Amino acid sequence: MPTLLELQRSMSKFVLSRQNDEAAQFIFADGIAASERLSIYRNTFLASLTSALRISFPAVHRLVGAEFFDGAAQCFIEAEPPQSANLYRYGAGFAHFLARFPPAASLAYLADVARLEWAVNCALHAPDVPPLASECFAAVAQADPTHLVLVPHPSLTLLRAEYPSDAIWRAVLAEDDGALSTIDLMEGPCWLLVERNAEGVTASRLKESEWRFISSLYAGEAFAAAADREENIDVALVFAGHLAAGRFIEFHIMPNE
Amino acid sequence: MGGGTPLHYLDAIRRDYPVSLHGVGLSLGSAEGIDAAHLARVREIAARIEPGLVSEHLSWSVAGGIYFADLLPLPMTEEAMEIVCRHVDQVQNVLDRQILIENPSTYLQFQHSTIPEWEFMAAVAARTGCGILCDVNNVYVSACNHGWDALQYLAGLPVNAVGEIHLAGHSAKEVNGRTLRIDDHGSSVSEAVWSLYAEALKLFGPVPTLIEWDTNIPAFDVLLDEATRAERALECVKGLHHADAA
């Protein structure tokens, strides 16, 4: 007689990979093979998580079709099953998985679209945090830029895409074949900012230098260090725009070393 | 806890309606213990929406740190009962309130099970002070799959502990000439389950009832018809209770 821990370990191996039959010996066959009975649980496991991925990656789903999506999802679920019951956080590794998934190799832009959809998913579910109040803007402006560090809004993600994933994502979700046909896959990389604001979740394009500057700030670099690297943009103006758009929630003055 | 529109809608619904908080992720039956981070999230959302009822399942979903997004069956043993009771105590302590535990649909039985499921449910309720969420569809599905007597199951539950009822649809699958019924939350409540529901109400009285639909959600009229049918059944037993009192 197995302990509960032993039983759960052996059943989980079957549910996860169908590779292990040791759980079958603990089960009453009763006219239906134990492996058939266990398969019902495996099917639900795959179906529930495939559905969770479908909800988070609707454009990927439409781009590849249901059959391909389900197959890719099954491989991903088996390789990286969820470690938390918080299913809206499941799928962080799906874009990286698709980038290395041989059957998807002919769709070079697929991983970029998946990365964008994950950022959209994170923005959708990010905690509600008020942006830095406008009363604080003067204090930010007067702070010593060599010590000024900003905290970005948790809904924000900055992405560099090799392909125009934002245009593909919009056209696919709108089922706009006209827009899809005008997309130039070879137009070169784009620099995206994904966020949730009053209009919902948006993906907007930034100039490369602006994206690099803002990325440095988001990564927690001091304002002056991030600004000094950029010669082609008016960093004060760019920063004011992001501050006014509510993309920062706090600022800190770092003490001297 | 996340934010955004899902939380916004939940808050808006809570302003206008009472809500019950029904969990599928706590894995009360996991031998390796329950995820404190998940329990903390449940506490946070419970504190925010102040649900009328909080419920979880008599099952497990986590092993080896993997969450299986399914309600896996427990062996009906003393060991499993001790583990479930310990976790129900833990959850009730952290949430500082009673929870209800729900009977699952099961598709297999373990050779080393020694306790009928209804007795297991009743014992967990007696030991921990938790309530019971009686899923009448699950009683029907498991009874058909394992050759149990569904009425005996219902009669074995402690009347005062039953605080909520669930109804749902299920499908039937032929395997080797045998019919296996599978809970699906994606079809209408079957006539057999409506009949069993009427029996459950006779035993338990007019208990708050939820009809579960997660997939293939039909036109609103269909949902409304099912809700009306459940409402009528509840009214019938309310009437009986009044007649008894008179």
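Taken in order, these protein sequences are the chains called P and G.
Under the numbering used here, read the first sequence as residues 88 to 344, first letter to last.
Under the numbering used here, read the second sequence as residues -3 to 242, first letter to last.
From the three backbone atoms N, C-alpha and C, an ideal C-beta is built for every residue, glycine too.
Keep in mind that this is a model prediction, so the values were computed, not measured.
D179 (chain G) is bridged by DSSP to G:H166. Cβ proximity to chain P below 8 Å picks out W56, S57, V58, A59, G60, G61, I62, Y63, F64, A65 from the segment 54 to 65 of chain G.
Contact between the segment 281 to 291 of chain P and the segment 239 to 248 of chain P is present: three or more C-beta pairs spanning the two stretches fall below 8 Å. Around N99 (chain G), the same chain offers L54, E113, M117, C130, D131, N134, V135 as residues with beta carbons nearer than 7 Å, after the five sequence neighbours per side are excluded.
Nearest Cα to A122 (chain G) within the set G:A164, G:D85, G:A43: G:D85. Assigned with DSSP and collapsed to three states, H18 (chain G) falls in strand.
Residue environment: A226 (chain G) is assigned as buried (16 or more neighbouring CB atoms within 10 Å of its CB, all protein chains considered). For D31 (chain G), the nearest CB of chain P lies under 8 Å from its own CB, placing it at the interface with that chain.
When the alpha-carbon of L68 (chain G) is set against those of G:D210, G:H181, G:S23, the nearest one is in G:S23. Residue environment analysis places D66 (chain G) among the buried positions, since at least 16 neighbouring C-beta atoms fall within 10 angstroms of its C-beta. DSSP lists P:V281 as the bridge partner or partners of A290 (chain P). Straight across, the Cα-Cα distance linking V102 (chain P) with Q105 (chain G) is about 16 Å. Taking V90 (chain G) as the centre and dropping the five residues before and after it, the same chain places the C-beta of L35, R39 closer than 7 Å to its C-beta, in chain order. Contact with chain G is found for I119 (chain P), since one of that chain's Cβ atoms lies less than 8 Å from the residue's Cβ. According to DSSP, residue pairing for G127 (chain G) in a beta bridge involves G:L96. Counting only residues of its own chain and dropping the five nearest sequence neighbours on each side, L260 (chain P) has a CB closer than 8 Å to the CB of P145, A146, R149. Annotated three-state conformation of T73 (chain G) is coil, per DSSP. Excluding sequence positions up to five before and after S26 (chain G), its CB lies within less than 7 Å of the CB of W56, V58, A59, all in the same chain and listed in chain order. Below 8 Å, enough C-beta pairs join the segment 302 to 312 of chain P and the segment 221 to 240 of chain P to call them touching: three or more. Neighbours of M(-3) (chain G) across chain P, judged by C-beta separation under 8 Å: P214.
Counted as a single uninterrupted DSSP element, the alpha helix (DSSP H) harbouring T1 (chain G) occupies residues 0 to 12. S51 (chain G) sits close to L96 (chain G), with the two beta carbons spaced by under 8 Å. Sequence-distant partners of K198 (chain G) (beyond 5 residues in either direction) whose C-beta falls short of 7 Å from its own C-beta, in its chain, are V233. Across the structure, A266 (chain P) and D210 (chain G) are spaced so that their CA atoms are roughly 34 Å apart. In the DSSP assignment, D66 (chain G) falls outside any alpha helix (DSSP H) and lies within the beta strand (DSSP E) extending over 62 to 68. In the DSSP annotation of this structure, the continuous segment of the alpha helix (DSSP H) that includes F310 (chain P) starts and ends at 310 to 315.
Contact between the segment 292 to 302 of chain P and the segment 204 to 212 of chain P is not established, with fewer than three Cβ pairs separated by less than 8 Å. Residues of chain G with a Cβ closer than 8 Å to the Cβ of F113 (chain P) are, in chain order, P71, F106, Q107, H108. Annotation: A191 (chain P) is outside any alpha helix (DSSP H) and is labelled neither H nor E by DSSP. In the displayed model, I301 (chain P) falls within a helix according to three-state DSSP.
By the criterion of at least three beta-carbon pairs nearer than 8 Å, the segment 68 to 84 of chain G is in contact with the segment 89 to 100 of chain P. Not a single CB atom of chain P sits nearer than 8 Å to the CB of R39 (chain G). With respect to the C-alpha of G173 (chain G), the residue from P:G118, P:N107, P:L324, P:M273 having the closest C-alpha is P:G118.
Considering only P:D263, P:R202, P:P239, P:T269, the residue with the shortest C-alpha distance to A248 (chain P) is P:R202. For the beta strand (DSSP E) assignment, the uninterrupted runs of no fewer than 3 residues enclosed by the segment 202 to 255 of chain P are, from N- to C-terminal side, 235 to 239, 244 to 248. In this structure, the straight-line span from the alpha carbon of H212 (chain P) to that of G21 (chain G) is close to 18 Å.
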